[in-house]
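Chains as they are written, first to last, in the numbering used here: chain A, 8 to 356; chain B, 716 to 1226. We treat Cβ as the ideally placed atom computed from N, Cα and C, and that holds for glycine. One structure is given here, and the rest of the page talks about it.
Shown next as structure tokens:
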């Protein structure tokens, strides 16, 4: 058996495999529910209802999707340029940390100035977090998979240390958490009374922005070129090291916005459990989206819906919430396979 | 004339009418040859003559379209490397296939034992290896890690590996390319011992004096065909060179072009980091002139091409473009200086496979005001530029938005050619511009180069095909081991004479 590339895949070839992948994921959910001793249809229904069935559920899903859009974009931007950023988690925490350092009283400014400054400072922190590994890769050939991955733990431990020490909230009754952000530093809600903050809108804007960057600008063209053919890009006169550093700055900055948005939009302070692995899930989101920035939004919504839906289903049906992790992993594998099948067909050798 | 008396000893290996096509390219055209036990057969030919393809078929990496192989009288099933190994064919590749982090002993045992075997008979194996090493003069420490060995020692391990697997036919692909002269002598001593033990040896090379020194018989390949077969006792290096490059090459008339000023000059240029490097190359590229660079590949062409392309800088000597020494140098500056570059590898460096024709058409000039303003790309201009190239260079494709990966090599090359020539470059580097193309595309590319010459461009044509060089060049230089021969005017040299230069002769008494 071997794979044979298809010159021009027709519409059926492009739409069908992903649908089959989705169907297979749903089927697996049913089987898992059976194994857990519950009614499969009821479990599926509960997942959908828990994710989308009410205003509260829907908003919860959108809130959960917000950091995933940012980390998904961060990974997509980096992976497109073949910079293997596994450290979105660290960059997220760098952004969150910067938000808390500057937003808890250091800068006594009104919202209109303070919020953009905090966002930019967070992006800067995240950018530096990835530019270090990118520099080591360019200069010494150090594998960025290793450095970015390990920086996740370094960063998390640093945050824990700060939360037990200088950053510890004196009014926090001993809990390891930072003081609360100034009111001026908080992202307002999009609609009064609804639990959805402007971070979600910012995420959508970022996705569209990256899409435009990719398609319409020289910078985006050069990033894609370096990823798709580094030797040819260098030969054509593109300054590859510069493009890699720029990509690192952009990717790290996007991941940091996830941290900024969680702190300033949702939590209001920093704890060491701010992110339940959004940085890593960002990789799943980006892969599900085939690294397409607009696809990242859809993929993040899908992933968020599964998590939120599974949480609520678990409470109602008594099926463990781990089903969400399994479904997500399976959906990713199925989707990667499906995307391959849109471009290749299987032939007997 | 060819000495075709059959070898008196039993035939170890017989290839009959092996034919292999890659698309429109005929890599092997009904090649037949045989080698007897206790004989060294040299397979001689330029790069692209079909040597490597033939050996890959023999070893089962490729399947021949036609023809058959016999080992020790029995047919060899095609396309099965394992079968080739079991039947006693041992291959020493140019690029070694050793596990660097394992010891010599481990490398020899690798693949010879079942994974499920509980215990390895290491001491017995070690003993056999030491015996073999002694017998064949292959001194090597079985416990040394491959990573710690020199290139010559690694090659000895490769040969030992073949012998350990009881090879009866030993194939060496350009074995001396990586060796010092002393190591090469030791290798020859080993090969002599091997044939004394009755092994058949196939020695692939394009170094004439080595072939004369070690081989009993020579089969010369040219353009995928057997161009001749002689016993070394009945020939000499000059005649082999003539066979290798083709005795009769007609030099068609070139329309006279007015030669202009020196467009690019290399003055005693030395490079660093290539294999081999340029060692003091001086060369002028003159407007309206095609300068042909002949030579066996891997003799410094890559360094010279990288220098022109902007990918490398000289460590000493000067590169002068349009009368000014270039201080800073990069691909972007080369493009900016009006150098049109047709790279050797059109898939890897020339184009980005997953990018569209339009994207590939403008990639060198994306910052040009024609295609972008203030960082915003004008895709309409890019697409219409691509459409113009498609029309004027006859690029067969679905359209400017098609991924370039889907195009044939010839159409890909036409896009690169169009991208370069549309800018009216003053200097053109054409590195293997027609390799692997079908005849129609070859003619088209060559005509376009001649047109550029007529227009006054200074062109450097790098090719391993001497016929092409002789047909198109006004002046021919030969490159060998990083040295450049004097320039020979069109028609002043016979192919055989150039072949000798290509084989490295003549450089010692050249200035």
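- Not one beta carbon of chain B lies nearer than 8 Å to the beta carbon of residue 40(A).
- At a cut-off of 8 Å between C-beta atoms, residue 1091(B) counts as an interface residue with respect to chain A.
- For residue 296(A), the closest Cβ of chain B is not nearer than 8 Å.
- By the neighbour-count criterion, in which a residue is buried when 16 or more other Cβ atoms sit within 10 angstroms of its Cβ, residue 34(A) is exposed.
- Our two residues, residue 95(A) and residue 123(A), have alpha carbons roughly 21 Å apart in a direct line.
- For residue 750(B) against residue 917(B), the beta-carbon gap comes to about 6 Å, under 8 Å, which counts as contact.
- When DSSP reads this structure, residue 749(B) sits in a beta bridge with 729(B).
- For residue 225(A), the closest Cβ of chain B is nearer than 8 Å.
- DSSP places residue 1035(B) in the uninterrupted beta strand (DSSP E) bounded by 1031-1036.
- The beta carbon of residue 1097(B) is closer than 6 Å to those of 1073, 1077 and 1086 in its chain, skipping five residues each way along the sequence.
- At a cut-off of 8 Å between beta carbons, residue 239(A) contacts chain B.
- For residue 314(A), there is no enclosing beta strand (DSSP E); the residue is part of the alpha helix (DSSP H) that begins and ends at 300-324.
- One Cα belongs to residue 298(A), the other to residue 221(A), and the distance between them is close to 11 Å.
- Residue 1222(B) and residue 1167(B) have their C-alpha atoms roughly 32 Å apart.
- In the three-state scheme derived from DSSP, where H, G and I count as helix and E and B as strand, residue 205(A) is classed as helix.
- With fewer than 16 other CB atoms across the displayed protein chains lying within 10 angstroms of its CB, residue 838(B) is exposed.
- Listed along chain B, no residue sits closer than 8 Å to residue 148(A) by beta-carbon distance, the nearest being about 15 Å off.
- Residues of chain B with a Cβ closer than 9 Å to the Cβ of residue 293(A) do not exist, since the nearest Cβ in that chain sits about 17 Å away.
- Three or more beta-carbon pairs separated by less than 8 Å are not found between the stretch 1099-1106 of chain B and the stretch 1046-1056 of chain B, which leaves the two stretches without contact.
- Residue pairing by DSSP places residue 1203(B) opposite 1191(B) in a beta bridge.
- Contacts with chain A (Cβ-Cβ distance below 7 Å) from the stretch 972-1004 of chain B involve no residue at all.
- Within its own chain, the residues whose Cβ lies closer than 7 Å to the Cβ of residue 1120(B), once the five positions on either side in sequence are excluded, are 1068 and 1069, listed in chain order.
- Out of 774(B), 1018(B) and 782(B), the CA that lies nearest to the CA of residue 730(B) is found in 782(B).
- At a Cβ-Cβ threshold of 8 Å, residue 1145(B) and residue 1194(B) do not count as neighbours.
- Bounds of any alpha helix (DSSP H) do not take in residue 998(B); it lies within the beta strand (DSSP E) bounded by 994-1001.
- For residue 206(A), the nearest beta carbon of chain B is not closer than 8 Å to its own beta carbon.
- Under DSSP, the beta-bridge partners assigned to residue 184(A) are 278(A).
- Judged by DSSP secondary structure, residue 1125(B) falls within the alpha helix (DSSP H) whose first and last residues are 1124-1136.
- Closest by C-alpha distance to residue 205(A), out of 26(A), 273(A) and 338(A), is 273(A).
- In this structure, residue 27(A) sits near residue 345(A), with a CB-CB distance shorter than 8 Å.
- Neighbours of residue 242(A) across chain B, judged by C-beta separation under 8 Å: 1024, 1026, 1046, 1056, 1058, 1064 and 1065.
- Around the Cβ of residue 1094(B), a 10 Å sphere holds 16 or more other Cβ atoms; the residue is buried.
- The contact set of residue 179(A) on chain B, defined by CB atoms closer than 9 Å, is empty, because the minimum CB distance reaches about 47 Å.
- The three-state secondary structure of residue 1085(B), taken from DSSP, is coil.
- In the assembly as shown, residue 930(B) is a buried residue. Its beta-carbon has 16 or more other beta-carbons within 10 Å.
- Assignment of alpha helix (DSSP H) within the stretch 17-67 of chain A, counting only whole runs of 4 or more residues, yields 18-42 and 47-59 in chain order.
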